[in-house]
Amino acid sequence: MAGKEIDRVRVTSALAVIKQHPAMVLFVLSPALALLAVIWWLAGAGWAIAAALVVLVVGVAVVVRKR
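With the UniProt record's numbering applied, the sequence shown corresponds to residues 1 to 67, in that order.
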């Protein structure tokens, strides 16, 4: 399973991009944030938190699987 881990170079590169371009990161994440806001408004905070966790897990799975 060692091949499925995210290496240190990618992590530091991603953190550098986030630090240098926070507006770009916000723009990329805005559809997911809007979806979570709509879920919060329609179904409540519990469902929005559950949806956020699902989005987070799927995002990590996509990044790890892409390697």
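A virtual CB, placed ideally from N, CA and C, is assigned to each residue, including glycine.
- Less than 8 Å separates the beta-carbon of Leu-36 from that of Ala-48.
- In this structure, the beta-carbon distance from Ala-51 to Ile-39 falls below 8 Å.
- Counting only unbroken stretches of 4 or more residues, the alpha helix (DSSP H) elements lying wholly within the segment 16-66 are 22-43 and 45-66, in sequence order.
- Our two residues, Val-57 and Leu-29, have alpha carbons roughly 15 Å apart in a direct line.
- The Cβ-Cβ distance between Val-9 and Ile-18 does not fall below 8 Å.
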